[in-house]
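Working notes, beginning with the structure itself.
Number of protein chains: 2
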Amino acid sequence: MVGLRERKKLETRRALSWAAIRLVVERGIAGVRVEDVAEEAGVSERTFRNYFATLADAVADRHLERSLQIADELRRRPAGEPLWEALRRAVETRFGLGAADSAPDPVWVAGVRAMVTEPGLHGAMQKTAATAAETLAAAVADRTGTDPERDLYPKLVAAAVGAAVGAATEHWLRADPPVPMGPLLVEALDRLSSGLPEPSEEDA
Amino acid sequence: MVGLRERKKLETRRALSWAAIRLVVERGIAGVRVEDVAEEAGVSERTFRNYFATLADAVADRHLERSLQIADELRRRPAGEPLWEALRRAVETRFGLGAADSAPDPVWVAGVRAMVTEPGLHGAMQKTAATAAETLAAAVADRTGTDPERDLYPKLVAAAVGAAVGAATEHWLRADPPVPMGPLLVEALDRLSSGLPEPSEEDA
DNA sequence: CGCATTTTTGCCGATCCGGCAGAATCTTCG
DNA sequence: CGAAGATTCTGCCGGATCGGCAAAAATGCG
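First to last, the sequence lines map onto chains A and B. Residue numbers for the first sequence follow the numbering used here, beginning at 315 and rising by one. Residue numbers for the second sequence follow the numbering used here, beginning at 315 and rising by one.
Quick look at the structure:
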């Protein structure tokens, strides 16, 4: 039972985050004040601060929400499925933007590009990655019967997956001509689960 | 030929960073103002800002310097050595604190603990990791004859190694009773280079 | 020593940041 | 429905951050 309150809160949060993304894409982070974002979202500056500590956090929030869904999706995969298979599917489902058939939301793509490009956003992005990794580690631990507190394994897997997604994203943004995201993700994860052997020859 | 100028500049930088670490360990990040750090290091607050954008950056700077050395060390490894062997040695050399024989610097350990513990430092730490990963990726690319711009491989490896070091560090800090860092690092990297297979049974 | 270059510093306005308390809004319960 | 209770929004405010600017100090060089 989600009351009106919860819903409005989430609405405000998303409105603020989207406003922050739009404005930062438009003017660059240096040209955006917290006040501007608050106004764009129709709340006071003080309210902005009730939701986010910094402008960068607001920008990164949409990315965080997406990232956290990987763990959700992993838990949703059938129990019998091998871990890396499940991880690949989970990541593909939640991050496989830019498929050949459906064009991704241009605002979102511009937003991601800004997040990767603007140095002022890197901190928040990395913090996002860390949070997502922790959540994913818990899901991996549950699936593999390990303990995040005692075993190195789940956090290692989570961090490695995060690294793979990050590397794939960066590569995807740079790609010219554009390539679909899905295959890049699959390639990165497959390499990971094969132990990252040195590429034998030119595999351009 | 490094002039007096260069040397003094580096000295000031390190003095500021160490001062920041000491004070943050002592009072927590919330209890430290930039002004305090500047005073402790014997320079003006404005000068602090010539070196670091934020207090957190100053704290993380020693860690950054260490992290960048992994790439140096990798380049120093013999060319014939397999990549993962070289990576393991490089990481072990630069990060293998807490060996059974020599106790690590307590101030440094407390500093690392603070960096991992204090949420206010996470952003700077992650930024550090990202910078180090980029540098390491370049070294990996050189060694494997790949191109960081075109190939996914070097960044993927660098990010994965960073993840392994991070997971090992976190685990090391939590370990009670304390365990030496070296073996943890080796374990993490070996698992990586074996494709992170699911742990078969209880391997407590 | 005297000049060129680089670094340090004080000054200052814009902005950030978060505690506080009252107003506004939603929720629960009689 | 209406009042009490809980939560959120907002204005106010002072301390701290942040970075541009130009004068002063330190360093390097001929």
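Ideal Cβ positions, reconstructed from N, Cα and C, are used throughout, including at glycine. Predicted model only: the values in this text are computed from it and were never measured.
Comparing alpha carbon positions, the residue from A:D465, A:E501, A:D490, A:V475 closest to R488 of chain B is A:D465.
Residue state for D461 of chain A is assigned as coil, using DSSP reduced to three classes. When C-beta atoms of the stretch 421-435 of chain A are compared with those of the stretch 443-452 of chain A, fewer than three pairs fall below 8 Å, so the two segments do not count as touching. Only P396, L397, W398 from the stretch 371-402 of chain B bring a Cβ to less than 9 Å from some Cβ of chain A. For A424 of chain A, there are no neighbours in chain B by C-beta distance under 9 Å, as the nearest C-beta there is about 21 Å away.
At a cut-off of 8 Å, the C-beta of E448 of chain A has no neighbouring C-beta in chain B. Distance from the CA atom of R505 of chain A to the CA atom of Y467 of chain B, rounded to whole angstroms, is 9 Å. When C-beta atoms of the stretch 330-342 of chain B are compared with those of the stretch 363-379 of chain B, three or more pairs fall below 8 Å, so the two segments count as touching. The three-state reading of DSSP puts E512 of chain B in coil, since its state is none of H, G, I, E or B. For A374 of chain B against A438 of chain B, the beta-carbon gap comes to about 4 Å, under 8 Å, which counts as contact. With a beta-carbon spacing of about 18 Å, A502 of chain B and G480 of chain A fall beyond the 8 Å limit used to define contacts.
Contact between the stretch 394-412 of chain A and the stretch 451-464 of chain A is present: three or more C-beta pairs spanning the two stretches fall below 8 Å.
Contact of K441 of chain B with chain A by beta-carbon distance below 9 Å involves P433, H436, G437, Q440. The C-beta of S508 of chain B comes closer than 8 Å to at least one C-beta of chain A.
Among the residues of chain A, none has a CB under 8 Å from the CB of R336 of chain B; the nearest is roughly 23 Å distant. Taking C-beta separations shorter than 6 Å and ignoring five residues to either side along the sequence, the partners of L382 of chain A in its chain run A446, T449, following chain order. Within a 10 Å sphere around the beta-carbon of R457 of chain A sit 16 or more other beta-carbons, which makes this residue buried. In chain B, no part has a C-beta under 7 Å from the C-beta of R347 of chain A; the shortest such distance is about 18 Å.
Residue contact check for A477 of chain A against chain B: a CB pair falls below 8 Å.
Between L510 of chain A and A482 of chain A, the C-beta gap is not smaller than 8 Å, which leaves the two residues out of contact. Secondary structure of F366 of chain B (DSSP, three-state): coil. Within the stretch 420-448 of chain A, the complete alpha helix (DSSP H) segments of 4 residues or longer fall at 420-431, listed in chain order.
Contact between E512 of chain A and L397 of chain B is confirmed by a C-beta separation of about 5 Å, below the 8 Å threshold. About 15 Å separates the Cβ atoms of M429 of chain A and H485 of chain A, ruling out a contact at the 8 Å cut-off. Not flagged as an interface residue toward chain A: P420 of chain B, since no C-beta distance is shorter than 8 Å. Per DSSP, the unbroken alpha helix (DSSP H) holding S507 of chain B starts and ends at 495-507. Closest by C-alpha distance to F366 of chain A, out of A:V475, A:T326, A:A393, A:K469, is A:T326.
The DSSP-derived three-state label of P468 of chain B is helix. The beta carbons of G345 of chain B and E432 of chain B sit no closer together than 8 Å. By the beta-carbon neighbour count (other beta carbons within 10 angstroms, threshold 16), A393 of chain A is exposed.
In the DSSP assignment, A400 of chain A falls within the alpha helix (DSSP H) that extends over 397-409. Separation of G356 of chain B and G425 of chain B (C-alpha to C-alpha, rounded to the nearest whole angstrom) is 21 Å. V357 of chain A carries a coil assignment under DSSP once its states are collapsed to helix, strand and coil.
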